[in-house]
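Colleague: Count the sequence shown with the working numbering and you get residues 1182 to 1383, in order.
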Amino acid sequence: MSELNQARNRVYQLLSALFAKEIDPNLRHELISQPAQDFWQQLATQSAFSADVKVIQEALSTLTSQADLLELAADYCGLFLVGSKHSASPYASLYTSESETTIFGEEHQQMMNYLREHQLQLTSDFAEPADHIAVILAYAGHLSLNASEQEQLQFLQRYLASWIEPFVNQVIKTDQGRFYSALARLTSAWLSSEIHWLETAS
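1. So D1356 and L1260 are in contact, right, with Cβ under 8 Å, and what is the actual spacing, rounded?
2. Going straight from the alpha carbon of T1381 to that of I1213, what length do you get?
3. With a floor of 4 residues, list each alpha helix (DSSP H) that falls wholly inside the region 1233-1271, ordered by position along the chain.
4. Can you say whether P1206 is buried or exposed, counting buried as having 16 or more other CB atoms within 10 angstroms of its CB?
5. Taking 8 Å as the cut-off, decide whether the C-beta atoms of Q1238 and W1221 are in contact.
6. Taking the alpha helix (DSSP H) that P1216 belongs to, which residues open and close that run?
7. Which value, in whole angstroms, describes the spacing of the CA atoms of L1372 and T1245?
8. For my contact list, S1329 and A1229 are in at a C-beta cut-off of 8 Å; report their separation, rounded to the angstrom.
9. Indicate whether P1271 and F1200 have their beta-carbon atoms separated by less than 8 Å.
10. Give me the Cα-Cα distance between G1358 and R1297, rounded to the nearest whole angstrom.
11. Expressed to the nearest angstrom, what Euclidean distance is found between the alpha-carbon atoms of T1277 and Q1290?
12. In the DSSP assignment, find the alpha helix (DSSP H) that holds R1339 and state where it starts and stops.
13. Return the CA-CA distance between A1321 and L1253, expressed in angstroms with no decimal places.
14. Look at the Cβ atom of L1334, then the Cβ atom of S1383, and state whether they are nearer than 8 Å.
15. Assuming F1360 contacts D1256 under a Cβ cut-off of 8 Å, what Cβ separation, rounded to an integer in Å, is found between them?
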């Protein structure tokens, strides 16, 4: 297992964690720890990521009270938990299906099949469909350690690249703050970088 793939997996797991739930005090502590700061700085050395990493770091540094965490949690809830035209649904099926979509539909079933094939499962405290962006990112991280470059590329193109742009645009349009807009842009930039690298490597 190469150091490069371990680092790639860490990025996927980080992005997944930030989309999976609101930032609580424990997660904030992890995100501003010295190892995390070193990781953010390493990520920021890439020009495509630096501006959004800076926004994320600045936002994290201002979360100094419970009120600050609650305000950011309200942004998360308004974006990802409230299904309305003023939200940014984190489910792939709502962007990729041409017909009327339902929660726990085809995209969810396909992701569940992937998870079962690799003997993975959703945690009991994550009661979301498997086509949630957090699940897809976490699975992409798993593939970065356990699959060929070609398999990784095909998965990213099929399950993320096909809908990331409209999702990011909706986050930016509806975000009441700056944190999740930066996170969405960073995710899109990371995905583009990964696809370019995998196309070259495979």
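For glycine and all other residues, C-beta sits at the position ideal for the given N, C-alpha and C.
Modeller: This is what the structure gives:
1. Cβ atoms of D1356 and L1260 come within 8 Å of each other, at about 6 Å.
2. 34 Å
3. 1247-1257
4. exposed
5. Closer than 8 Å, so yes.
6. Q1215 to A1225
7. 31 Å
8. In fact, because the Cβ distance is near 25 Å, the residues do not count as touching under 8 Å.
9. yes
10. 37 Å
11. 14 Å
12. E1330 to Y1340
13. Cα to Cα, A1321 sits roughly 26 Å from L1253.
14. For L1334 and S1383, yes; Cβs fall inside 8 Å.
15. 7 Å
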